[in-house]
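Q: Take a look at this one; I'll ask things after.
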Ligand SMILES: Nc1ncnc2c1ncn2[C@@H]1O[C@H](COP(=O)(O)OP(=O)(O)O)[C@@H](O)[C@H]1O
Ligand SMILES: O=C(CO)[C@@H](O)[C@H](O)COP(=O)(O)O
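Residue numbers (the UniProt record's numbering): 1 to 577.
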């Protein structure tokens, strides 16, 4: 008998692609499809999903491209025979922090779409007051970030209130810059969505509320009081920060935040029913950020960490402790009130590793983008590049782009050596580029280890398990070095679930529709159906006696070297060779 049970869709609108994945009630993934912005929609001319205006440190993406990607994705699903009539719930994951500016006519356009035409033809450009969305790699808001930190008395107090210190990519500073640079377009804006709530709005046929977890990526929502922070909303609304009328307008543009991550926001818009054959009772569930969605791809235990090796590199943990600091981010958990998500996000993640990969290849006379030489170098280089116990330790910092963690404005490559006994650091006179393959992963992992330490049990200062996800998770050499630095009581695992953010979104839709009552938690429902066989592969032992401790020995030196880079005391190299 043909399969006829319900299906749940999870979409991921990330930097470079729009992906979809469908799961059954038993959590089995039965369908996956994707649209790549660069390859499938070349007419927009984006590179790696974005436009870059180097002069003003701006990075942004065209909203029309995302809408066309959804048209194309649904067409591809239909071409492959996907049965839309079985879909009972849809949720999504969006790249975080990006904002979409809807025009006055947007809601009426969304609610009266004709099946004769595509979404793109009907929504773009009319539904938007601004045709671009600032991207998380944007670095243009230094002035606004300073104003946000000052507004509440410093970045530590901003972190206490909103879960993060002021950050260039966070939506509040981005909105303030938009108000300053584009006052007419801002005045013509009826509503502001995050990328996640923009995606939900398309399916819902009206503007969807902002999600309780993704809202924490704005520097506008007070996690302690669980409401918009009036001091910050009034700042984002007008440069003076003291205009009550402007503040009221911004509240209206932002709308309410939906506290329940599993809320049924309403049925899918009739456009999708008539055009693609979705059932009329298909529920639209709040979409969240791609990172909060990733922690929903499995029932995550306390002390577990997920390392996402995508375009950006992130480390994520679920925690009961609200322990904010400007050194990292805390978000509300996407499904469980009272839990939080800890996150570090590195802009120079995958892209920086690719630069080193290409430099190592060039040094070997290889002119392609294969990983073999990088991997060989990462594995064969000893811990901290020390060939003998008395050798100096090698520490590198690789920021081809301005970095978020630590906040470094000037791109560059920085190499240091640490004396074994005195622990004194000095700038290196240079080393063979093959050392950089191991050094970049060591450096990224040391940063994660140092900054996640306050979240871990002081008696067990290693994660229980480290789960790897994202494009780089297929790379065993990277897993090897991460395992050496981070340890992991049970080891390092690859989460082999296709796209983890899309999967987390699909599980969220499933939980929202099938939870017995609003009391059944996500962890209970997904945990009771979860079978890790075929989904989780152990790729490395974690803790290696002696190795983990060797990295502990350079923590102080690493912290000092990083501070030198951040303060601009040292001048980085512009190239690796
Ligand atoms: N074999 C590999 N080794 C290391 N990194 C890889 C490998 N394959 C892909 N990647 C990395 O994965 C990144 C894309 O990850 P992905 O999770 O698909 O993207 P996104 O973050 O846009 O969702 C690329 O930037 C690339 O650096
Ligand atoms: O800025 C952040 C998190 O704060 C990024 O993680 C974005 O959310 C986009 O990630 P990818 O598209 O690379 O997955």
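The C-beta atom is built at its ideal place from N, Cα and C for all residues, glycine as well.
1. So which of 44, 33, 57 has the shortest CA-CA distance to residue 76?
2. When DSSP builds the beta bridges, which residues end up paired with residue 191?
3. By Cβ distance below 7 Å, which residues in the same chain neighbour residue 132 in space, the five residues on each side in sequence not counted?
4. So what's residue 574 in DSSP terms, helix, strand or just coil?
5. Tell me whether residue 290, by its Cβ, gets closer than 7 Å to a heavy atom of ligand 2.
6. Could you tell me whether the region 199-207 touches the region 262-275, using the rule of 3 or more Cβ pairs below 8 Å?
7. Under 7 Å Cβ to Cβ from residue 73, same chain only, skipping five residues before and after it: list those, please.
8. Mind checking residue 577: buried by the 16 CB within 10 Å criterion, or exposed?
9. Could you check whether residue 286 and residue 209 sit closer than 8 Å to each other, using their CB atoms as the reference points?
10. Hey, would you say residue 411 sits closer than 8 Å to residue 397, going by beta carbons?
11. Report the three-state DSSP secondary structure of residue 580 (helix, strand or coil).
12. Check whether the Cβ of residue 556 lies closer than 7 Å to any heavy atom of ligand 2, and answer yes or no.
13. Residues around ligand 2, please: the ones whose beta-carbon is closer than 5 Å to some heavy atom of it, in chain order.
14. Residue 522 and residue 530: beta carbons closer than 8 Å?
15. Please return the same chain residues whose Cβ sits closer than 8 Å to the Cβ of residue 194, not counting the five positions on each side in sequence.
16. So does the region 144-153 actually touch the region 100-120, counting three or more Cβ pairs closer than 8 Å?
17. Tell me, please, which residues DSSP counts as bridged to residue 127.
18. Does the beta-carbon of residue 367 have 16 or more other beta-carbons within 10 angstroms, so that it is buried, or is it exposed?
19. Just the C-alpha distance for residue 477 and residue 306, rounded to the nearest angstrom, thanks.
20. Below 7 Å, is the gap between the Cβ of residue 478 and the nearest heavy atom of ligand 1?
21. Distance check for residue 135 and residue 50, CA to CA, integer angstroms please.
22. Could you check whether the Cβ of residue 371 sits closer than 7 Å to any heavy atom belonging to ligand 1?
23. My assumption, with CB atoms under 8 Å, is that residue 352 sits in contact with residue 440. Please give the rounded CB distance.
24. To the nearest angstrom, how far is the alpha carbon of residue 54 from that of residue 230?
25. Report yes if the C-beta distance between residue 130 and residue 167 is below 8 Å; otherwise report no.
26. Measure the beta-carbon distance from residue 89 to residue 8 and round it to whole angstroms, keeping in mind my assumption that it falls under 8 Å.
27. Considering only C-alpha positions, which residue in the set 445, 571, 496 is nearest to residue 548?
28. Using 10 angstroms around the beta-carbon of residue 578, count the other beta-carbons present and answer buried if the total reaches 16, otherwise exposed.
29. Exposed or buried, residue 555, counting other C-beta atoms within 10 Å across all chains shown (16 or more means buried)?
30. State the beta-bridge partners of residue 52 as determined by DSSP.
31. Express the C-alpha separation of residue 350 and residue 326 in angstroms, rounding to a whole number.
32. Which of the three DSSP states, helix, strand or coil, is assigned to residue 1?
33. Output needed for residue 222: all residues of its chain with C-beta closer than 6 Å, excluding positions within five of it in sequence on either side, in chain order.
34. Which whole runs of the alpha helix (DSSP H) in the region 355-409 are 4 residues long or more, in chain order?
35. Please check the pair residue 233 and residue 247, which I expect to be a contact at CB under 8 Å, by giving their CB distance rounded to whole angstroms.
36. Buried or exposed: which applies to residue 1, given that a residue is buried once 16 or more other Cβ atoms fall within 10 Å of its Cβ?
A: Answer, in terms of the structure:
1. 33
2. 102
3. 60, 61, 62, 63
4. coil
5. yes
6. yes
7. 18, 20, 33, 35
8. exposed
9. yes
10. no
11. Since the first and last residues shown for the chain are 1 and 577, residue 580 lies out of range.
12. no
13. 14, 15, 95, 96, 136, 290, 310, 311, 312, 345
14. no
15. 94, 96, 97, 98, 99, 100, 171, 210, 211, 214, 215, 217, 218, 289
16. no
17. Answer is none; residue 127 lacks a bridge partner.
18. exposed
19. 17 Å
20. yes
21. 8 Å
22. yes
23. 6 Å
24. 33 Å
25. no
26. 5 Å
27. 445
28. An answer regarding residue 578 cannot be provided, because it is not within the stretch 1 to 577 covered by the chain.
29. exposed
30. 59
31. 24 Å
32. A caution first: residue 1 carries a pLDDT of 43, below 50, which makes its placement in the model too unreliable to give a value.
33. 161, 229
34. 372-380
35. 6 Å
36. Model confidence at residue 1 stands at a pLDDT of 43, short of 50, so the residue's coordinates are unreliable and nothing is read from them.
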